[in-house]
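All remarks here apply to the structure that follows.
Chains as they are written, first to last, in this note's numbering: chain A, 70 to 397; chain B, 70 to 397.
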């Protein structure tokens, strides 16, 4: 029900998911009277409708949402994950509320203090998983170590990489730079047995220097949003330049196939779907402004995550970490 | 002498500066035997050469540079500012060393605890001054307030704006978001009498939401470097797409004037020259990889800063701030 557009986006995305993936079933959770009219004809066999009478507002306080909205679509969807009726929950709604209710309903995995938001960004050579992107504004070195373990487990499970590389976002390549938390976290990551490659600077994110980059949620969120803002500005400038006069408009027509290819390559909609990782269940957050194409990508990413067995992988890796720490 | 290229870039830039601005004199500080051969014919009347026998390495420890290199080009140039022989110092060298030696030689302005690095970024509607970009990895709320005062004074002086808008970089638009330091800093900025507009998110930087945005040096540096990395990646992708085959190459030829115009508009070289602000003297840091065009822009920015009388403006504003705090 959430996001900027609600069921008008999420329902067609779910129908597209079922069309593309024959092994997937979908449960649409929310106001039945709003959802049902958006499904043409009979309900497809792999689609269920689960009524929930309330909706968490996009600006609603997470604490109030937990206390007062026990029949919100968000809460009910997460309850379905908790009971095992659903394998994953995907929402385009209020991020803070989704994280808070997920923690409240599902709890964190053993050995994980705080869940994090992990998203994928494109790089020159592929892509990178970055966490945390805003769930935790203040992090201890131990939290950053746990983010590294969770990120590496996720990439390992999703991409079948044995030893994904892990870096820490910092402001210099030398060990001496950065603040105390980052320096201590780097030491912990070095001792962790992860494939830790050291500091990654802001520009290193897009150079593909690591498979996983960890940072606190404040810095990560600024990096993500700054990137969004810059990309939007550059797109605006490019449109303005090609729309300047008759000649530039003709040039635009000639260049259109190239520009379209370029746009497809950097289309943020393809990267939609951030994992709320560290919970006893799979939860993905779609961008609030997602369209159907974009939301369907988040749904597919959720299905991939379920198939990957990532939760067990994290649990095993955390247990292994405890052994490493006892030996040290 | 510093930067990735040394005098081969800085000397032609200085000559270009003199050609463009008849009221400016330049002193080239460094190894005379390296600099002199780069000046064709006689020394122009407004150009002086000041020999310095040492060079601070790009990776040299700032503390060691202060202690051991008393005749480095950086140190000597800053001594010239201190003695009043020069009005400003511009360097493409080691940022940490430039900041440390500047503090050591020039000292900070009264009421300013820490100098900051302030650079200009393009926005959809113009540009924004952002500070700090890496000098201070940990900042107190009071430091962020001082950054706001310095940034507003700089914009006021350079752009003749009476009440430039000031924002604080944060991860949400609501007051409740962000960490404790940022929240407290926002309170101080609100009470400061500055034209404070509240939180600016990462994407707001490029939307031109404020004339000045303050943040700690860790976050600012990540935002800046992330932007550089993303811009480089997008440029690479665009080049790749236009170079894909014969048709796309022909499209590139047609689109070339438009693409050139676009490139000129977002050319980071035009924004080169970050102010080390808060010192009793004017010091600018050029990007280490700057070419002559880019370095000349930093030199011109330094000349503008000298003409603006910004140092006095900061001092007056800091004194005013003390009065405001006493009244509160």
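Heads up, the beta-carbon is just placed ideally off N, CA and C, and yes, glycines get one too. Model, not experiment: these values are computed from the prediction.
In the DSSP assignment, residue 365 of chain B falls within the alpha helix (DSSP H) that extends over 361-377. With fewer than 16 other Cβ atoms from the protein chains shown falling within 10 Å of its own Cβ, residue 389 of chain A counts as exposed.
The C-beta distance from residue 306 of chain B to residue 265 of chain A rounds to 29 Å, too long to meet the 8 Å contact threshold. Closer than 8 Å at the C-beta level to chain A, one finds these residues of the region 289-303 of chain B: 290, 291, 292, 293, 294, 295, 296, 297, 298, 299, 300, 301, 302 and 303. Under the Cβ criterion (8 Å, minimum of three pairs), the region 190-202 of chain B does not count as touching the region 375-387 of chain B.
Secondary structure of residue 160 of chain B (DSSP, three-state): strand. Of all C-beta pairs linking the region 308-320 of chain B to the region 224-238 of chain B, fewer than three are shorter than 8 Å, placing the two stretches out of contact.
The alpha-carbon of residue 395 of chain A is positioned some 28 Å away from that of residue 199 of chain A. Against chain B, the CB of residue 340 of chain A has no partner CB under 8 Å away; the residue lies outside that interface. When rounded, the separation of the alpha-carbon atoms in residue 180 of chain A and residue 209 of chain A is 15 Å. Exclusion of the five residues before and after residue 280 of chain A leaves 224, 233 and 234 as the residues of its chain whose Cβ lies within less than 6 Å of its Cβ. Counting along the chain, no beta strand (DSSP E) covers residue 314 of chain A, and no H or E run does either.
Within the region 253-277 of chain B, those residues whose Cβ lies closer than 8 Å to any Cβ of chain A are, in chain order, 270, 271, 272, 273, 274, 275 and 276. Between the alpha carbons of residue 104 of chain A and residue 302 of chain B lies a distance of about 41 Å.
Less than 8 Å divides the Cβ of residue 141 of chain A from the Cβ of residue 121 of chain A. Pairing residue 86 of chain B with residue 365 of chain B gives a Cβ-Cβ distance under 8 Å. The Cβ of residue 317 of chain A sits closer than 8 Å to at least one Cβ of chain B.
For residue 117 of chain B, the enclosing beta strand (DSSP E) stretches over residues 116-120. In the DSSP assignment, residue 268 of chain B is bridged to B/237. For the pair of segments examined, the region 73-80 of chain B was found not to touch the region 365-374 of chain A: the number of CB pairs separated by less than 8 Å stays below three. Chain-ordered, the chain B residues with CB closer than 9 Å to the CB of residue 334 of chain A read 306, 309 and 310. Given a length threshold of 3 residues, each whole run of the beta strand (DSSP E) inside the region 178-258 of chain B is given here in chain order: 185-192, 195-200 and 234-238.
Taking 8 Å as the threshold, the shortest C-beta distance from residue 195 of chain B to chain A does not fall below it.
Contact between the region 245-256 of chain B and the region 246-257 of chain A is absent, with fewer than three C-beta pairs closer than 8 Å. Taking 7 Å as the cut-off between beta carbons, the residues of the region 202-213 of chain A near chain B are 203, 206 and 207, in sequence order.
Residue environment analysis places residue 172 of chain A among the buried positions, since at least 16 neighbouring C-beta atoms fall within 10 angstroms of its C-beta. Residue 354 of chain A is bridged by DSSP to A/160 and A/343. Spatial neighbours of residue 258 of chain A in its own chain (CB-CB distance under 7 Å, excluding positions within 5 residues in sequence) are listed in chain order as 214, 217, 235, 237 and 265. By the Cβ-count criterion, residue 178 of chain B is buried, with 16 or more other Cβ atoms from all chains shown falling within 10 Å of its own Cβ. By the Cβ-count criterion, residue 203 of chain B is buried, with 16 or more other Cβ atoms from all chains shown falling within 10 Å of its own Cβ. Close to residue 247 of chain A, with beta-carbon spacing below 9 Å, are these residues of chain B in chain order: 206 and 287. Residue 340 of chain B has its alpha-carbon roughly 10 Å from the corresponding atom of residue 356 of chain B.
Chain B has no Cβ within less than 8 Å of the Cβ of residue 161 of chain A. In terms of Cβ geometry, residue 125 of chain A and residue 166 of chain A form a close pair [threshold 8 Å]. Taking all protein chains shown into account, residue 144 of chain B has 16 or more neighbouring C-beta atoms within 10 Å of its C-beta and is therefore buried. Partner residues in the beta bridge of residue 348 of chain A, as assigned by DSSP, are A/177.
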